[in-house]
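Undergrad:
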Amino acid sequence: MIRRLRKIGARLWTIVKWPLAAAMICLLILLVPVGYVELACRGTASAQSYQPLITDPAYQRREANTYLTYPEWHIVYAYDGLAAAVQASDEHAFDYAASVTRFWSSTCALMRVADAHGGADWDTRSMIHTIGVSFALEMAVKAAYEETVGRATAWLRGGVKTPQDRAVAAMAADYAAFLRQTPWYRYPFTRERHKLWSAPIDGFFRGWERRVGIGIEFSAKSAYAGVIAGAVAATAPAQLTIRSVVSGVDAGQLARIAGVTVIGANASGVEIETPRYDRFTRILVEIARQGGEVQEIAGNDDIMLTVTVPAGADAGLRQGTVIMRLRRDSIPGDRLLVDVKVSELAALLRAFELRDPGLEHVFDY
2 MIRRLRKIGA
12 RLWTIVKWPL
22 AAAMICLLIL
32 LVPVGYVELA
42 CRGTASAQSY
52 QPLITDPAYQ
62 RREANTYLTY
72 PEWHIVYAYD
82 GLAAAVQASD
92 EHAFDYAASV
102 TRFWSSTCAL
112 MRVADAHGGA
122 DWDTRSMIHT
132 IGVSFALEMA
142 VKAAYEETVG
152 RATAWLRGGV
162 KTPQDRAVAA
172 MAADYAAFLR
182 QTPWYRYPFT
192 RERHKLWSAP
202 IDGFFRGWER
212 RVGIGIEFSA
222 KSAYAGVIAG
232 AVAATAPAQL
242 TIRSVVSGVD
252 AGQLARIAGV
262 TVIGANASGV
272 EIETPRYDRF
282 TRILVEIARQ
292 GGEVQEIAGN
302 DDIMLTVTVP
312 AGADAGLRQG
322 TVIMRLRRDS
332 IPGDRLLVDV
342 KVSELAALLR
352 AFELRDPGLE
362 HVFDY
């Protein structure tokens, strides 16, 4: 009996050892950038001497986090690029490897900058590493599928897109817009899978391949989103508002801007509370248009933003310093990561309207 069990065990090991070895190699490859960032992407540590105008600790944030918010947004921009690629061509036209490379190269550069602004705490660094590995794995799986099965069925289909192609393209654009204000795990993937399956079949091979292949992707994301949502619910929820100090406009003007809550007078202006993320950028632009100046955000005097410019073009910045230039994913032009003093932010916002090319996003903390 024991001999028989040993034979069965040996056979099972023969079957699983190579897939297991391949999985371990893939895991090590995915973790290489994490190790590089931790060991090689360190700057000169510098303590912060700025004295905040906002004195409530609940509304003060680490200045380093304005730079370390970008990696999350790089994923948002990657989906913008994927949506653009799908609108113009098919999924295999997107450069998955380049997008992942830009994620890690920008993370490395910004880790160094963050060290000069108080440094990144381990929770922030581990979060970036987690989303980076997840992003790299997702892009690798998607590239492997779209460059083989997806490319073959697109070739069989010809130039006219199927209803399933159009459903996937609509979802890609909707998802990219959704991510600008809401966490990805709240997206209704199940609803989109139903839309995909309800679209009539017009082009047998491509239609069914999109239904099954992309349908499985949506189902997997829906299941994973449920797990993440449960994990998030068990932790302290993210603070969805941020406070700033603004001068040059009175409290009445500020109160009339949608999304702005006036907290009260501050020694250097008016303290306000606003939503974070994409709406925060739009509110700051409106304050600047009305002649306002931003004196402080979340207890900090430095902040990062991105502007887009034609490929290779000089942005002509009069305020701020360019940290890095990146090519955009499947969208013409370059993205500039700009470090600017908060006191100079409004002038820069007035120079770069919220358009494309132009101002893209102001990164809160």
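Take the position in the sequence shown, starting the count at 1, then add 1; the result is the number in this note's numbering. Glycine residues also receive a C-beta, built at the ideal position from the N, C-alpha and C atoms.
On the DSSP bridge assignment, give the partners of alanine 266 in chain order.
TA: Position 265 of the sequence shown, counted from the first residue, corresponds to residue 266. Note: alanine 266 sits in a beta bridge opposite Val271.
Undergrad: Please state whether the Cβ-Cβ distance between phenylalanine 364 and threonine 183 is less than 7 Å.
TA: For the purposes of this step, residue 364 is taken as the residue at position 363 of the sequence shown. For the purposes of this step, residue 183 is taken as the residue at position 182 of the sequence shown. No, Cβ-Cβ distance for phenylalanine 364 and threonine 183 is not below 7 Å.
Undergrad: If you run the structure through DSSP and keep just helix, strand and coil, what is phenylalanine 353?
TA: Sequence index remark: in the sequence shown, residue 353 carries index 352 (1-based). Phenylalanine 353: coil per DSSP, three-state reduction.
Undergrad: Taking the continuous beta strand (DSSP E) assigned at alanine 335, which residues delimit it?
TA: Translated into the one-based positions of the sequence shown, residue 335 becomes position 334. Looking at the sequence itself, residue 335 is aspartate, so the reference to alanine does not match. From DSSP, the beta strand (DSSP E) with aspartate 335 extends over 335–342.
Undergrad: Could you check whether tyrosine 176 and alanine 144 sit closer than 7 Å to each other, using their CB atoms as the reference points?
TA: Position 143 of the sequence shown holds residue 144. Position 175 of the sequence shown holds residue 176. It is not a contact, given that the beta carbons lie outside the stated cut-off.
Undergrad: DSSP state of arginine 244, grouped into three classes?
TA: Here the question's residue 244 lines up with position 243 in the sequence shown. Three-state result, arginine 244: strand.
Undergrad: Nearest-angstrom Cα distance between tyrosine 146 and alanine 99?
TA: Translated into positions along the sequence shown, residue 146 becomes position 145. Translated into positions along the sequence shown, residue 99 becomes position 98. Straight through space, the alpha carbons of alanine 99 and tyrosine 146 are spaced by roughly 17 Å.
Undergrad: Exposed or buried, tyrosine 278, counting other C-beta atoms within 10 Å across all chains shown (16 or more means buried)?
TA: To locate residue 278, count along the sequence shown from 1; it is residue 277. By the neighbour-count rule (16 or more Cβ atoms within 10 Å), tyrosine 278 is buried.
Undergrad: Excluding the 5 residues flanking glutamate 294 on each side, which residues of the same chain have their C-beta closer than 6 Å to its C-beta?
TA: In the sequence shown, the residue the question calls residue 294 occupies position 293. For glutamate 294, where only same-chain residues beyond five positions count, the Cβ hits under 6 Å are Ser248, Gly249 and Ala347.
Undergrad: Let me know if isoleucine 30 comes out buried or exposed under the rule of 16 or more other beta-carbons within 10 Å of its beta-carbon.
TA: Against the sequence shown, residue 30 aligns to sequence position 29. Under this definition isoleucine 30 is an exposed residue.
Undergrad: Pick helix, strand or coil for arginine 328, following the three-state DSSP scheme.
TA: Looking up residue 328 in the sequence shown gives position 327. Strand.
Undergrad: Candidates Glu193, Arg187 and Gln240: which alpha carbon is nearest tyrosine 225's?
TA: By one-based count along the sequence shown, residue 225 stands at place 224. It is Arg187.
Undergrad: What separation, rounded to the nearest whole angstrom, lies between the Cα atoms of serine 127 and alanine 115?
TA: As a working note, residue 127 is residue 126 in the sequence shown. As a working note, residue 115 is residue 114 in the sequence shown. Near 15 Å, if we compare the C-alpha coordinates of alanine 115 and serine 127.
Undergrad: Would you mind stating whether valine 339 and glycine 317 have Cβ atoms separated by less than 7 Å?
TA: The residue given as residue 339 occupies position 338 in the sequence shown. The residue given as residue 317 occupies position 316 in the sequence shown. Cβ atoms of valine 339 and glycine 317: not closer than 7 Å.
Undergrad: What did DSSP end up calling threonine 183 once you bin it into helix, strand or coil?
TA: If you number the sequence shown from 1, residue 183 lands on position 182. Looking at threonine 183 - three-state DSSP - the assignment turns out to be coil, as it is neither helix nor strand.
Undergrad: Since leucine 285 contacts valine 341 with CB under 8 Å, what's their CB separation in whole angstroms?
TA: Taking the sequence shown and counting its residues from 1, one reaches residue 285 at position 284. Taking the sequence shown and counting its residues from 1, one reaches residue 341 at position 340. With a Cβ gap of about 12 Å, leucine 285 and valine 341 do not count as contacting.
Undergrad: Please confirm whether arginine 62 and tyrosine 366 have their CB atoms less than 7 Å apart.
TA: Taking the sequence shown and counting its residues from 1, the one referred to as residue 62 is at position 61. Taking the sequence shown and counting its residues from 1, the one referred to as residue 366 is at position 365. For arginine 62 and tyrosine 366, yes; Cβs fall inside 7 Å.
Undergrad: Assuming glutamate 287 contacts isoleucine 55 under a Cβ cut-off of 8 Å, what Cβ separation, rounded to an integer in Å, is found between them?
TA: Stepping through the sequence shown from its first residue, residue 287 is reached at position 286. Stepping through the sequence shown from its first residue, residue 55 is reached at position 54. With 8 Å as the limit, glutamate 287 and isoleucine 55 do not qualify as a contact, their Cβ atoms being about 21 Å apart.
Undergrad: Quick check on glutamate 272: buried or exposed, where buried means 16 or more other Cβ atoms within 10 Å of its Cβ?
TA: Counting from 1 along the sequence shown, the entry for residue 272 is found at position 271. Glutamate 272 should be labelled buried.
Undergrad: How would you call proline 72, buried or exposed, if buried means at least 16 neighbouring beta carbons within 10 angstroms?
TA: The residue given as residue 72 occupies position 71 in the sequence shown. Buried.
Undergrad: Under the three-state reduction of DSSP, which class applies to histidine 362: helix, strand or coil?
TA: Taking the sequence shown and counting its residues from 1, the one referred to as residue 362 is at position 361. If DSSP states are grouped into helix, strand and coil, histidine 362 belongs with the strands.
Undergrad: Candidates Ala65, Glu354 and Phe179: which alpha carbon is nearest alanine 289's?
TA: Position 288 of the sequence shown, counted from the first residue, corresponds to residue 289. Checked all of Ala65, Glu354 and Phe179; the closest Cα to alanine 289 is Glu354.
Undergrad: Excluding five sequence neighbours on each side, which residues of the same chain lie with their C-beta closer than 6 Å to the C-beta of valine 101?
TA: As a first step, residue 101 must be located in the sequence shown, where it is residue number 100. Cβ neighbours of valine 101 beyond the five flanking positions: Ala137 and Met140.
Undergrad: Tell me whether the beta-carbon of glutamate 92 lies closer than 7 Å to the beta-carbon of glycine 151.
TA: Numbered from 1 along the sequence shown, position 91 holds the residue referred to as residue 92. Numbered from 1 along the sequence shown, position 150 holds the residue referred to as residue 151. A Cβ-Cβ contact shorter than 7 Å links glutamate 92 with glycine 151.
Undergrad: Quick check: the Cα distance between leucine 28 and isoleucine 132, rounded to an integer number of angstroms?
TA: To locate residue 28, count along the sequence shown from 1; it is residue 27. To locate residue 132, count along the sequence shown from 1; it is residue 131. Their Cα atoms are separated by approximately 14 Å.
Undergrad: Taking glutamate 294 as part of the beta strand (DSSP E), name the residues at either end of that continuous run.
TA: Translated into positions along the sequence shown, residue 294 becomes position 293. Unbroken beta strand (DSSP E) run through glutamate 294: 294–298.
Undergrad: Is the beta carbon of valine 169 closer than 7 Å to that of isoleucine 215?
TA: In the sequence shown, the residue the question calls residue 215 occupies position 214. In the sequence shown, the residue the question calls residue 169 occupies position 168. In contact: isoleucine 215 and valine 169 (Cβ atoms closer than 7 Å).
Undergrad: With DSSP as the reference, label aspartate 303 as helix, strand or coil.
TA: Translated into positions along the sequence shown, residue 303 becomes position 302. Here aspartate 303 sits in strand by DSSP.
Undergrad: Would the beta-carbon of histidine 130 fall within 7 Å of that of valine 35?
TA: One-based indexing of the sequence shown puts residue 130 at position 129. One-based indexing of the sequence shown puts residue 35 at position 34. Cβ distance < 7 Å, so histidine 130 and valine 35 count as in contact.
Undergrad: Quick one: what's got a C-beta closer than 7 Å to leucine 180's C-beta in the same chain, skipping five residues either side?
TA: Taking the first residue of the sequence shown as 1, we reach residue 180 at position 179. Here the set comprises Val77 and Tyr80.
Undergrad: Need the endpoints of the alpha helix (DSSP H) that glutamate 73 sits in, please.
TA: For the purposes of this step, residue 73 is taken as residue 72 along the sequence shown, with counting starting at 1. Taken as a continuous stretch (DSSP letters only), the alpha helix (DSSP H) holding glutamate 73 covers 71–89.
Undergrad: So, under 8 Å CB-CB, isoleucine 324 and alanine 89 are touching, yes? Tell me the CB distance rounded to an integer number of Å.
TA: As a working note, residue 324 is residue 323 in the sequence shown. As a working note, residue 89 is residue 88 in the sequence shown. Not quite, the Cβ-Cβ distance comes to about 30 Å (not below 8 Å), so this is no contact.
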